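Engineer: Handing you this structure, nothing more for now.
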Amino acid sequence: MAATELTEIAQALVAEGKGILAADESTGTIEKRLKSIDVESTEETRRAYRELLFTTEGAAEYISGVILYDETIRQTASGGTPFPGLLERQGIVPGIKVDKGAKPLAKAAGETVTEGLDGLRERLNEYRELGARFTKWRAVIDIGDGLPTPYAIHVNAHALGRYAVLSQEANLVPIVEPEVLMDGDHAIERCYEVTETTLHAVFHELHLQRVELDGMLLKPNMVLSGKDALEQAGVQEVAEQTIRCLKATVPPAVPGIVFLSGGQSDELATAHLNAMNAIGEHPWELSFSYGRALQAPPLKAWQGKEENVSAAQAAYLHRARLNGAARSGSYSEEMEGAVAA
Ligand code: 13P
Numbered sequence: 010m011a012a013t014e015l016t017e018i019a020q021a022l023v024a025e026g027k028g029i030l031a032a033d034e035s036t037g038t039i040e041k042r043l044k045s046i047d048v049e050s051t052e053e054t055r056r057a058y059r060e061l062l063f064t065t066e067g068a069a070e071y072i073s074g075v076i077l078y079d080e081t082i083r084q085t086a087s088g089g090t091p092f093p094g095l096l097e098r099q100g101i102v103p104g105i106k107v108d109k110g111a112k113p114l115a116k117a118a119g120e121t122v123t124e125g126l127d128g129l130r131e132r133l134n135e136y137r138e139l140g141a142r143f144t145k146w147r148a149v150i151d152i153g154d155g156l157p158t159p160y161a162i163h164v165n166a167h168a169l170g171r172y173a174v175l176s177q178e179a180n181l182v183p184i185v186e187p188e189v190l191m192d193g194d195h196a197i198e199r200c201y202e203v204t205e206t207t208l209h210a211v212f213h214e215l216h217l218q219r220v221e222l223d224g225m226l227l228k229p230n231m232v233l234s235g236k237d238a239l240e241q242a243g244v245q246e247v248a249e250q251t252i253r254c255l256k257a258t259v260p261p262a263v264p265g266i267v268f269l270s271g272g273q274s275d276e277l278a279t280a281h282l283n284a285m286n287a288i289g290e291h292p293w294e295l296s297f298s299y300g301r302a303l304q305a306p307p308l309k310a311w312q313g314k315e316e317n318v319s320a321a322q323a324a325y326l327h328r329a330r331l332n333g334a335a336r337s338g339s340y341s342e343e344m345e346g347a348v349a350a
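If you want the numbering used here, it's the 1-based position in the sequence shown plus 9.
Written out as structure tokens, the structure is:
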């Protein structure tokens, strides 16, 4: 049992005041992000953008790990250092997204199942050799009329179990990500119900498939009102409902819960995490593994221009610092303005 190393890495990823940068956008997703700032997506622009993030001085104070993508884990910084080594030198743990995306689920209109299990054992061994110490797999659950079905929840939970145990076998900490989407006009109660059912199914599968809970992290959505709901739950309610839901479903043996931002504004994602940590002690560390909520400001500041790199890095560092503060409930809205460019 390699539980000790797995536990140590899982704990390092949720170390005090720190969280994870999700920079594992697939080629299609990063193309959309770059297009939003009028930058053409090429291997070189994708590399340059990731280099900007990974060479930000001081980020290691707030960032414990970075999730890379298959292309990115093989790329190097301008000086020739491979990205995993560049991160490790700063004390940042490199990780890798290993799923192959959510694909339409047979006979289940509007629902998906995440693929990528075939050949996964071999890919995991290669990623470990390339420097990865943890992995991520994202399952997607949609709320809608009659959705999600128990069928979709079951197959996604089962795949998460298959992935997680293979990952631990390869001595890589799995980050198990069942994302209940915030799309829709449903009330927060509906998000609570679906998230609770989903997490229940996921932990059932993790147990059946012999996943060691102290050597993994959970990456869930927060319990929120649907994006288009007229009435939006406030920050305190989101914090309370999310904690209530997690307490009902996540065993205390899990070292940490690292939320995804899922399309929330960067400020709200920080405020929600802060409110949860301000409530007090929990059985697990409550942290972040944000993609958009950490990258929106640097992406906007960069605009694909070399002369904007330091402003973009300052914007990223600022966001990382605020989320670092949210880890202990010490973030406040007044801190938003204080970006040191
Ligand atoms: P967001 O924070 O943008 O949701 O991204 C996190 C992630 O890794 C989704 O898989």
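For every residue, glycine included, the Cβ atom is placed at its ideal position computed from N, Cα and C. These numbers were taken from a predicted model, which means no experiment stands behind them.
For S73, verify whether its CB is less than 8 Å away from any heavy atom of the ligand 13P.
Structural biologist: No, Cβ of S73 sits at least 8 Å from all heavy atoms of the ligand 13P.
Engineer: Spatial neighbours of K309 within its chain, please: CB distance less than 7 Å, with the 5 preceding and 5 following residues excluded, ordered by chain position.
Structural biologist: Once the five neighbours on either side are set aside, the close Cβ partners of K309 are I46.
Engineer: S73 by DSSP, collapsed to three states: which one?
Structural biologist: If DSSP states are grouped into helix, strand and coil, S73 belongs with the strands.
Engineer: Considering only the beta carbon of each residue, do S296 and I18 sit closer than 9 Å?
Structural biologist: No, they are not a contact pair.
Engineer: Just mark K41 as buried or exposed, buried being the case when its beta carbon has 16 or more other beta carbons within 10 Å.
Structural biologist: Looking at its Cβ environment, which holds fewer than 16 other Cβ atoms inside 10 Å, K41 is exposed.
Engineer: What is the rounded straight-line gap between the Cα of E66 and the Cα of S319?
Structural biologist: Approximately 10 Å between the Cα atoms of the pair.
Engineer: Does the stretch 233 to 246 come within contact of the stretch 185 to 202, defined as at least 3 CB pairs closer than 8 Å?
Structural biologist: With a cut-off of 8 Å, the stretch 185 to 202 and the stretch 233 to 246 count as touching, because enough Cβ pairs lie within range.
Engineer: Applying the criterion that 16 or more other CB atoms from any shown protein chain within 10 Å of the CB defines a buried residue, is K256 buried or exposed?
Structural biologist: By the neighbour-count rule (16 or more Cβ atoms within 10 Å), K256 is not buried but exposed.
Engineer: From K44 to A69, what does the alpha carbon distance come to, in whole angstroms?
Structural biologist: K44 and A69: Cα-Cα distance of roughly 28 Å.
Engineer: Alpha carbon to alpha carbon, what distance is there between R330 and A24?
Structural biologist: Using only the alpha carbons, I get a separation of about 14 Å.
Engineer: What are the complete beta strand (DSSP E) segments, minimum 3 residues, inside the stretch 224 to 289?
Structural biologist: The stretch 224 to 289 contains these whole beta strand (DSSP E) runs: 265 to 268.
Engineer: List the endpoints of the continuous alpha helix (DSSP H) containing L96.
Structural biologist: 92 to 98 is the span of the alpha helix (DSSP H), which, as asked, contains L96.
Engineer: For V164 and V122, which I take to be in contact (beta-carbon distance under 8 Å), what is that distance rounded to the nearest angstrom?
Structural biologist: At roughly 5 Å, the Cβ-Cβ gap stays under 8 Å, so V164 and V122 are in contact.
Engineer: Under 9 Å between the Cβ atoms of L77 and A141?
Structural biologist: Yes; because the gap between Cβ atoms is below 9 Å, this pair is in contact.
Engineer: Output the distance between the C-alpha atoms of R137 and H281, rounded to the nearest integer angstrom.
Structural biologist: For R137 and H281, the distance between alpha carbons rounds to 34 Å.
Engineer: I'd like to confirm the pairing. Which residues does DSSP put opposite L175 in its beta bridges?
Structural biologist: Answer by DSSP bridge pairing: none, since L175 is not bridged.
Engineer: Is the beta carbon of A242 within less than 8 Å of some heavy atom of the ligand 13P?
Structural biologist: No, the ligand 13P has no heavy atom inside 8 Å of this Cβ.
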